[in-house]
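Undergrad:
4 protein chains.
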Amino acid sequence: MPKITLLIHCPDTSGIIANVTSFFYKRHGNINYIDQYVDLENTVFFMRLECEFTAQTSISNTKEEFKETVAEKYNMSWEMYSADAKPRMAVFVSKYDHCLYDILGRYKSGELKVSIPLIISNHKDLEQVAQNFGIPFYHIPVTANTKEEAAEKQLELLQKEKVDFIVLARYMQIIPKSLIAAFPNRIINIHHSFLPAFAGAKPYHLAYKRGVKIIGATSHYVTEELDAGPIIEQDITRISHSHSIKDLILKGRDLEKIVLANGIKYHIERKTLVFNNKTIVFT
Amino acid sequence: MPKITLLIHCPDTSGIIANVTSFFYKRHGNINYIDQYVDLENTVFFMRLECEFTAQTSISNTKEEFKETVAEKYNMSWEMYSADAKPRMAVFVSKYDHCLYDILGRYKSGELKVSIPLIISNHKDLEQVAQNFGIPFYHIPVTANTKEEAAEKQLELLQKEKVDFIVLARYMQIIPKSLIAAFPNRIINIHHSFLPAFAGAKPYHLAYKRGVKIIGATSHYVTEELDAGPIIEQDITRISHSHSIKDLILKGRDLEKIVLANGIKYHIERKTLVFNNKTIVFT
Amino acid sequence: MPKITLLIHCPDTSGIIANVTSFFYKRHGNINYIDQYVDLENTVFFMRLECEFTAQTSISNTKEEFKETVAEKYNMSWEMYSADAKPRMAVFVSKYDHCLYDILGRYKSGELKVSIPLIISNHKDLEQVAQNFGIPFYHIPVTANTKEEAAEKQLELLQKEKVDFIVLARYMQIIPKSLIAAFPNRIINIHHSFLPAFAGAKPYHLAYKRGVKIIGATSHYVTEELDAGPIIEQDITRISHSHSIKDLILKGRDLEKIVLANGIKYHIERKTLVFNNKTIVFT
Amino acid sequence: MPKITLLIHCPDTSGIIANVTSFFYKRHGNINYIDQYVDLENTVFFMRLECEFTAQTSISNTKEEFKETVAEKYNMSWEMYSADAKPRMAVFVSKYDHCLYDILGRYKSGELKVSIPLIISNHKDLEQVAQNFGIPFYHIPVTANTKEEAAEKQLELLQKEKVDFIVLARYMQIIPKSLIAAFPNRIINIHHSFLPAFAGAKPYHLAYKRGVKIIGATSHYVTEELDAGPIIEQDITRISHSHSIKDLILKGRDLEKIVLANGIKYHIERKTLVFNNKTIVFT
Numbered sequence: 001m002p003k004i005t006l007l008i009h010c011p012d013t014s015g016i017i018a019n020v021t022s023f024f025y026k027r028h029g030n031i032n033y034i035d036q037y038v039d040l041e042n043t044v045f046f047m048r049l050e051c052e053f054t055a056q057t058s059i060s061n062t063k064e065e066f067k068e069t070v071a072e073k074y075n076m077s078w079e080m081y082s083a084d085a086k087p088r089m090a091v092f093v094s095k096y097d098h099c100l101y102d103i104l105g106r107y108k109s110g111e112l113k114v115s116i117p118l119i120i121s122n123h124k125d126l127e128q129v130a131q132n133f134g135i136p137f138y139h140i141p142v143t144a145n146t147k148e149e150a151a152e153k154q155l156e157l158l159q160k161e162k163v164d165f166i167v168l169a170r171y172m173q174i175i176p177k178s179l180i181a182a183f184p185n186r187i188i189n190i191h192h193s194f195l196p197a198f199a200g201a202k203p204y205h206l207a208y209k210r211g212v213k214i215i216g217a218t219s220h221y222v223t224e225e226l227d228a229g230p231i232i233e234q235d236i237t238r239i240s241h242s243h244s245i246k247d248l249i250l251k252g253r254d255l256e257k258i259v260l261a262n263g264i265k266y267h268i269e270r271k272t273l274v275f276n277n278k279t280i281v282f283t
Numbered sequence: 001m002p003k004i005t006l007l008i009h010c011p012d013t014s015g016i017i018a019n020v021t022s023f024f025y026k027r028h029g030n031i032n033y034i035d036q037y038v039d040l041e042n043t044v045f046f047m048r049l050e051c052e053f054t055a056q057t058s059i060s061n062t063k064e065e066f067k068e069t070v071a072e073k074y075n076m077s078w079e080m081y082s083a084d085a086k087p088r089m090a091v092f093v094s095k096y097d098h099c100l101y102d103i104l105g106r107y108k109s110g111e112l113k114v115s116i117p118l119i120i121s122n123h124k125d126l127e128q129v130a131q132n133f134g135i136p137f138y139h140i141p142v143t144a145n146t147k148e149e150a151a152e153k154q155l156e157l158l159q160k161e162k163v164d165f166i167v168l169a170r171y172m173q174i175i176p177k178s179l180i181a182a183f184p185n186r187i188i189n190i191h192h193s194f195l196p197a198f199a200g201a202k203p204y205h206l207a208y209k210r211g212v213k214i215i216g217a218t219s220h221y222v223t224e225e226l227d228a229g230p231i232i233e234q235d236i237t238r239i240s241h242s243h244s245i246k247d248l249i250l251k252g253r254d255l256e257k258i259v260l261a262n263g264i265k266y267h268i269e270r271k272t273l274v275f276n277n278k279t280i281v282f283t
Numbered sequence: 001m002p003k004i005t006l007l008i009h010c011p012d013t014s015g016i017i018a019n020v021t022s023f024f025y026k027r028h029g030n031i032n033y034i035d036q037y038v039d040l041e042n043t044v045f046f047m048r049l050e051c052e053f054t055a056q057t058s059i060s061n062t063k064e065e066f067k068e069t070v071a072e073k074y075n076m077s078w079e080m081y082s083a084d085a086k087p088r089m090a091v092f093v094s095k096y097d098h099c100l101y102d103i104l105g106r107y108k109s110g111e112l113k114v115s116i117p118l119i120i121s122n123h124k125d126l127e128q129v130a131q132n133f134g135i136p137f138y139h140i141p142v143t144a145n146t147k148e149e150a151a152e153k154q155l156e157l158l159q160k161e162k163v164d165f166i167v168l169a170r171y172m173q174i175i176p177k178s179l180i181a182a183f184p185n186r187i188i189n190i191h192h193s194f195l196p197a198f199a200g201a202k203p204y205h206l207a208y209k210r211g212v213k214i215i216g217a218t219s220h221y222v223t224e225e226l227d228a229g230p231i232i233e234q235d236i237t238r239i240s241h242s243h244s245i246k247d248l249i250l251k252g253r254d255l256e257k258i259v260l261a262n263g264i265k266y267h268i269e270r271k272t273l274v275f276n277n278k279t280i281v282f283t
Numbered sequence: 001m002p003k004i005t006l007l008i009h010c011p012d013t014s015g016i017i018a019n020v021t022s023f024f025y026k027r028h029g030n031i032n033y034i035d036q037y038v039d040l041e042n043t044v045f046f047m048r049l050e051c052e053f054t055a056q057t058s059i060s061n062t063k064e065e066f067k068e069t070v071a072e073k074y075n076m077s078w079e080m081y082s083a084d085a086k087p088r089m090a091v092f093v094s095k096y097d098h099c100l101y102d103i104l105g106r107y108k109s110g111e112l113k114v115s116i117p118l119i120i121s122n123h124k125d126l127e128q129v130a131q132n133f134g135i136p137f138y139h140i141p142v143t144a145n146t147k148e149e150a151a152e153k154q155l156e157l158l159q160k161e162k163v164d165f166i167v168l169a170r171y172m173q174i175i176p177k178s179l180i181a182a183f184p185n186r187i188i189n190i191h192h193s194f195l196p197a198f199a200g201a202k203p204y205h206l207a208y209k210r211g212v213k214i215i216g217a218t219s220h221y222v223t224e225e226l227d228a229g230p231i232i233e234q235d236i237t238r239i240s241h242s243h244s245i246k247d248l249i250l251k252g253r254d255l256e257k258i259v260l261a262n263g264i265k266y267h268i269e270r271k272t273l274v275f276n277n278k279t280i281v282f283t
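In the order they appear, the protein sequences are chains A, B, C and D. Read in order, the letters of the first sequence correspond to residues 1 to 283 in full-length UniProt numbering. Read in order, the letters of the second sequence correspond to residues 1 to 283 in full-length UniProt numbering. Read in order, the letters of the third sequence correspond to residues 1 to 283 in full-length UniProt numbering. Read in order, the letters of the fourth sequence correspond to residues 1 to 283 in full-length UniProt numbering.
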């Protein structure tokens, strides 16, 4: 039987939940999950709902009806996904392999419900890893003079492969505006600090210098401002004076892997909404 | 304007959310918060809802109507609380003072929205602490021969003071069955281990002996079986070989304080439901 | 039998450990604890050692001999404390009471091995709390025009009471340079963020605005640059989109209490050394 | 220049540290790291030391001298390792691949400083993974009737490949006594609970049934009693009522990977000592 996930945000007013849930009830939909949140400051209502229909139902018809009878009435921004649809994910890498190994291990074992049609890298180092896991690898070098050209090639490949979202698995290049514009809130980066501390380059070096007692990692959607996009997930680990920069880099790897993997999962499972440069994550 | 919290559990079927939310919508109720959970194994539906009415509303009438038009239809177990109602909490202590200081500090600073009409203890040691915070203190000794008598005195005091629930802040006596029966799922205990590990006496000694690398604390509702009631909250802290039993006891104190305080808060805020000796905690 | 704690730092070279430990061995000292750390970047050696003598020993003689036979040879900065000596701690507060309640509760239960000769505040609000715990309270208002005068009064009181170090338990005033100079690396502040993120005023508001998924607290020694002194301890807690600023403030209180208490304990137990605006904490 | 790691335990008495450190000082050894611990209950002294020699030094001579001049005097159990020696690690698996992917990813990226001469499995499922990473894979089926025969084959392979220690990466068979005896405190298992809670089979199912709010994982040395060997490392993650058994299994995978990897690292880096069925881990 068909199953959908619905994401909504709209101006807050009374009756939204009653109207939305009644809509599905009348169409033989069994609501398995509902979560909502009201941003009181901006009076915006957010909602995530999973519904399983007890009879054959056309999802495109349901969408049409939802739009006409509910969504327009409340001026909603909304998306309805079929639970069957498997998102198509591109992975960008440079030379570090730990996040790539982690993602591909999770993918192979069925933990990440995505397709991975391609891996793109500005270096050739990880080509062999891609091959071991049977995933097409494209080497697109990026130099000061070839940035635009590279962006065009990347975009072309992504469109050809019908990619839904991009994961930057320690990709060490600034993402060009054109790519960000083509994938708004659909490029996930892992930054190796607990943002907003230590944004920019070499966060472990800065953490060492400042003498912090915890280090962190942050997965976030990429926006034009560097390391300032909506945060999806963060985690930390304790360190002490006895850890060298090399130790921080090593300890940080596990953080990066898990924080990135969780960010990807929330995105795949349609658990994230973005508003005002912040995420609502319905876990 | 009146504000209520509704807690429900009932056999799972479709339409419950739509019916409940429509009920409040029709009565000018604005739902600020809704959370639900379906226990698929037992097909039981659980829900917590906060509703603020935009017009003067009689809560007792609302209860009556809810019962007739919704609750009976779905065979619900349910409770509707006015947000104004401040629960009355009794605290039981013995000789350890850290949890008591913690609770009373939070109470004085307004963090715990309760009344504390009395503190009961089987020892006199903490009478002065109670006096410093201006709370009546009752010394009810418990010996092998006076258990029943003590239980009767406790119950009498609790009923006289219209106590809603009891907190055992490191109270070192087994709670008699009569008291448990009078306060079902309304006695909160703090146990100084991550249950089910190290149930019973001297958990820190057992943890030391086993050589664990983490210790924990657990707040739970008291049932007849010792340390086996529904778990409300748990937390842990890391230890190493270098920590003595005394160190574990000291490190555990902060865990006990926080895990108990969180358990109390969830209870006060009507965030807990109990089913099958487990809690649903809508945080 | 006498017991000492020794803290050392000096240029790194070989033989230091052998020489120091032999020094105590020859004087019937049993080393219970030794920890060391080498800052390879700056080639500085740090060490903490606890030694219990098996015969009556004059600590002042031991100090004199240590200076002559070991310390001068290796050009050491060092301090030797008798384990009996109880440090004298002043507490500065403003209006928030949670850290004060926490510190005084730990003090009363014997967890903090200090004397607290006085509490100083720029407001009268917490006078009653001080009285309940039987600690002298001094109200020294601080206004734009009376800063210097207030600093003089504070310093006079602190010197009269032979205070060893100061704890700022959410004291909401900038500490004047004269006070910092009089207590170098002996003023402990609690800042309600994971520094260096959200230094300065209103960190919870900034954390909310940025949409972080974790909040933190930091205890550090006070230096002239605001919130930039050597970090002693940090901890964090998870939050989500659903937490308001008020929730963050409330959740942060437990962090502040524990992180400050741990910072105080490390200081009291002579576990901290400061070098290059960073701490070495021998836990 | 040669570099060694020394691990010691012996009856506690005064002068051990002075004698050991002087031993190296006199032989042009620069002590980079020293950590010690005294088990006061059993009056046993434990120590770990790293020493770098500033002149060419024969490690076998040093061992001989250490034995004669220090070790025998204090009745020490001790081991001295050359920092160059790379331990040889066998991996046992069954059908779960997440720990294997994790270990091999860390191995390939140079994080684990070991050789992996072979992978042994009672199933053929993961043969392809082993091949992708270029590691010999041996399929040794284990049935009720072939246990002894299988153990012999395993032992033969392990000895032929000069294996130093074994990692059970979710290997779903009881290890025979003969193998445990051949590798005392040198077989590392990952158990998917915070031991001693939920020892034995199906810990996630038991955790779900008990309604715990945290789940854990434990890496430990294998002894004859199931899941009761010395604990090396533990970690936990929070869960809620909303997590199904399947969710626990999924969330637990990350725990298992990290807790096993840390256990392996501590072992490889000679940071663990075992005494009285507990570990001393000098991190």
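Quick reminder that beta carbons are idealized off the backbone N, C-alpha and C, glycines included.
What are the start and end residues of each continuous alpha helix (DSSP H) run of 4 or more residues lying completely inside the segment 161-246 of chain B, in chain order?
TA: 177-182 and 203-210
Undergrad: How far does the beta strand (DSSP E) with asparagine 30 of chain C in it reach, from first residue to last?
TA: 29-39
Undergrad: Closer than 7 Å by C-beta to phenylalanine 183 of chain D: which residues in its own chain qualify, once you throw out the five before and the five after it? Chain order, please.
TA: Phe165 and Ile166
Undergrad: How about residue 284 of chain B and isoleucine 8 of chain B: do their beta carbons lie closer than 7 Å?
TA: Because chain B here runs from 1 to 283, residue 284 of chain B falls outside it and cannot be looked at.
Undergrad: Pick out the complete beta strand (DSSP E) segments inside the segment 62-132 of chain B, 3 residues or longer, and give them in chain order.
TA: Correct list: 77-82, 88-93 and 115-121.
Undergrad: Run through chain C and tell me which residues come within less than 8 Å of glycine 15 of chain D, C-beta to C-beta.
TA: Neighbours of glycine 15 of chain D on chain C, chain order: Tyr25.
Undergrad: Does the segment 206-223 of chain C come close enough to the segment 112-128 of chain C that 3 or more CB-CB pairs lie under 8 Å?
TA: no
Undergrad: If you compare alpha carbons, which of A/Ile16, A/Leu112, A/Ser82 and A/Glu156 is closest to threonine 69 of chain A?
TA: A/Ile16
Undergrad: Using only the alpha-carbon positions, how far apart do phenylalanine 194 of chain C and leucine 226 of chain C sit?
TA: Each residue's Cα considered, the two are about 14 Å apart.
Undergrad: Measuring alpha carbon to alpha carbon, tell me which residue in A/Asn276, A/Ser242 and A/Glu233 is nearest tyrosine 266 of chain A.
TA: Looking from the CA of tyrosine 266 of chain A, the closest CA among A/Asn276, A/Ser242 and A/Glu233 belongs to A/Glu233.
Undergrad: Specify, as a first and last residue, the run of the alpha helix (DSSP H) that isoleucine 8 of chain A falls within.
TA: No alpha helix (DSSP H) holds isoleucine 8 of chain A; the beta strand (DSSP E) holding it covers 3-11.
Undergrad: Which residues in chain B have a C-beta closer than 8 Å to the C-beta of glutamate 233 of chain D? List them in chain order.
TA: At a C-beta separation below 8 Å, glutamate 233 of chain D has these neighbours in chain B: Lys213.
Undergrad: What's the call for glutamate 72 of chain C, buried or exposed, on a 16-neighbour Cβ count within 10 Å?
TA: exposed
Undergrad: Please list the partners that phenylalanine 45 of chain C has in chain A, where partner means a Cβ-to-Cβ separation under 8 Å.
TA: Going along chain A, no residue has its Cβ under 8 Å from phenylalanine 45 of chain C, so there is no contact; the nearest lies around 13 Å.
Undergrad: Check whether chain C comes within 7 Å of serine 242 of chain D, counting only Cβ atoms and requiring the distance to be less than that.
TA: no
Undergrad: Within 7 Å of any Cβ in chain B, is that where the Cβ of serine 22 of chain A sits?
TA: yes
Undergrad: Measure the alpha-carbon distance for threonine 223 of chain C versus phenylalanine 23 of chain C and round it to whole angstroms.
TA: 36 Å
Undergrad: When DSSP builds the beta bridges, which residues end up paired with isoleucine 280 of chain D?
TA: D/Leu273
Undergrad: Note the first and the last residue of the continuous alpha helix (DSSP H) segment covering valine 44 of chain D.
TA: Per DSSP, valine 44 of chain D belongs to no alpha helix (DSSP H); it is in the beta strand (DSSP E), 44-53.
Undergrad: Using Cβ-Cβ distances below 8 Å, what residues of the segment 191-203 of chain B are close to chain D?
TA: Phe194, Leu195, Pro196, Ala197 and Phe198
Undergrad: Can you grab the Cα-Cα spacing for the pair isoleucine 190 of chain B / lysine 160 of chain B, in whole Å?
TA: Near 25 Å, if we compare the C-alpha coordinates of lysine 160 of chain B and isoleucine 190 of chain B.
Undergrad: Show which residues of chain A have a CB atom less than 9 Å away from the CB atom of threonine 279 of chain C.
TA: Gly211, Lys213 and His241
Undergrad: Name the two residues that bound the continuous alpha helix (DSSP H) containing serine 58 of chain B.
TA: Serine 58 of chain B -> no alpha helix (DSSP H), and no H or E assigned at all.
Undergrad: Between the Cα of leucine 179 of chain B and those of B/Phe45, B/Val38, B/Leu100 and B/Leu155, spot the shortest distance and give me the residue it belongs to.
TA: B/Leu155
Undergrad: Here's the rule: buried if 16 or more other CB atoms are within 10 angstroms of the residue's CB, otherwise exposed. What is leucine 40 of chain C?
TA: exposed
Undergrad: Report yes or no: is there a C-beta of chain B within less than 7 Å of the C-beta of isoleucine 264 of chain A?
TA: no
Undergrad: Check whether the Cβ atoms of proline 203 of chain C and histidine 220 of chain C sit closer than 7 Å, and answer yes or no.
TA: no
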